[in-house]
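In my numbering, the protein residues as written are 271 to 503. Backbone N, C-alpha and C define an ideal beta-carbon position, used for all residues, glycine too. Comments concern the structure below.
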């Protein structure tokens, strides 16, 4: 099994979200310990990826190939290589970090220009057979809960992957994963994330584990007091 991790955090390896992603991967590796997956990582913050020009060269002039000569070609190659792609990112202003959104935009070469008549609202068919590929979204946000704060992300990936065709692991209170004094609680949560990774490879994350993943790290009032005090102003 080939796994691609797309780290969309501007913090790179210091990403809070990446701690969850690594725990999830540990669970996957445990479940596949007799046949360990191949894992490739892309740190988007360190890559040269420019904005889409909207020229449609990838559809007409050089089908399937962008006119921009940058690192996005590496991303495309790895997306085609991967059986499972894990998008790891923080929530920025209820959406994706800017450079990661650029990665989404630059996936246009993966599609054909023709219209899909059976897609709600319209769409374009894939240039490649992506039907067996899997997608997982892992993200943390700075609010006390993830609930309702990821609506725009879900709407976007419903269009990209199809509703129900991907798995999400969204966690509020993400900044707490860097606070050493709170590590007992955050490590408890990371253990659940690891369990989720193991279950994912064994048929799917169970309802019981999903409920644990949705539990708040700390009550709302406690978290918001800590968050407000952390600014020191």
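Would DSSP call residue 398 helix, strand or coil? Working through the chain shown from its first residue, we reach residue 398 at position 128. Correct three-state label for residue 398: coil.
May I ask you to report which of helix, strand or coil DSSP gives residue 279? As a first step, residue 279 is located in the chain shown; it is residue number 9 there, counting from the start. Here residue 279 sits in coil by DSSP.
Let's test the definition: count the other Cβ atoms within 10 Å of the Cβ of residue 464 and tell me whether it reaches 16, buried, or not, exposed. Start at 1 with the first residue of the chain shown, and residue 464 comes out as number 194. Per the 10 Å Cβ criterion, buried.
Supposed close pair residue 483, residue 462 - CB separation, criterion 8 Å: As a position in the chain shown, residue 483 is number 213, starting the count at 1. As a position in the chain shown, residue 462 is number 192, starting the count at 1. Residue 483 to residue 462, Cβ: 6 Å. Contact.
Kindly indicate which three-state DSSP category residue 354 falls into: helix, strand or coil? On the chain shown, residue 354 is found 84 positions in, with the first residue counted as 1. Strand.
So, at 6 Å on beta carbons, what are the nonlocal neighbours of residue 468 in its own chain, with the 5 sequence-adjacent residues on each side left out? Translated into the one-based positions of the chain shown, residue 468 becomes position 198. Hits under 6 Å: 297, 300, 301.
Distance check for residue 411 and residue 440, CA to CA, integer angstroms please. On the chain shown, residue 440 is found 170 positions in, with the first residue counted as 1. On the chain shown, residue 411 is found 141 positions in, with the first residue counted as 1. When rounded, the distance between both Cα atoms is 8 Å.
Given this structure, state the Cα-to-Cα distance separating residue 324 from residue 336, to the nearest angstrom. Here residue 324 refers to the residue found at position 54 of the chain shown. Here residue 336 refers to the residue found at position 66 of the chain shown. Cα to Cα, residue 324 sits roughly 10 Å from residue 336.
What residue range is occupied by the uninterrupted alpha helix (DSSP H) comprising residue 422? Within the chain shown, residue 422 is the residue found at index 152, counting from 1. Unbroken alpha helix (DSSP H) run through residue 422: 421-431.
Could you have a look at residue 311 and say whether DSSP puts it in helix, strand or coil? Locating residue 311 in the chain shown gives position 41, counting from the first residue. In the structure shown, residue 311 sits in a strand (DSSP, three-state: E or B).
Does DSSP put residue 435 in a helix, a strand or coil? Residue 435 sits at position 165 when you count from the first residue of the chain shown. It is coil, neither helix nor strand.
Using the Cα positions of residue 345 and residue 358, report the straight-line distance between them to the nearest angstrom. Position 75 of the chain shown, counting from 1, holds the residue named residue 345. Position 88 of the chain shown, counting from 1, holds the residue named residue 358. Roughly 14 Å separates the two Cα atoms.
Would you mind working out which of 338, 295, 422 sits nearest residue 354, comparing C-alpha positions? Counting from 1 along the chain shown, the entry for residue 354 is found at position 84. If you compare the alpha carbons of 338, 295, 422 with that of residue 354, the shortest gap goes to 295.
Expressed to the nearest angstrom, what Euclidean distance is found between the alpha-carbon atoms of residue 330 and residue 478? As a first step, residue 330 must be located in the chain shown, where it is residue number 60. As a first step, residue 478 must be located in the chain shown, where it is residue number 208. In a straight line, the C-alpha of residue 330 is about 49 Å away from that of residue 478.
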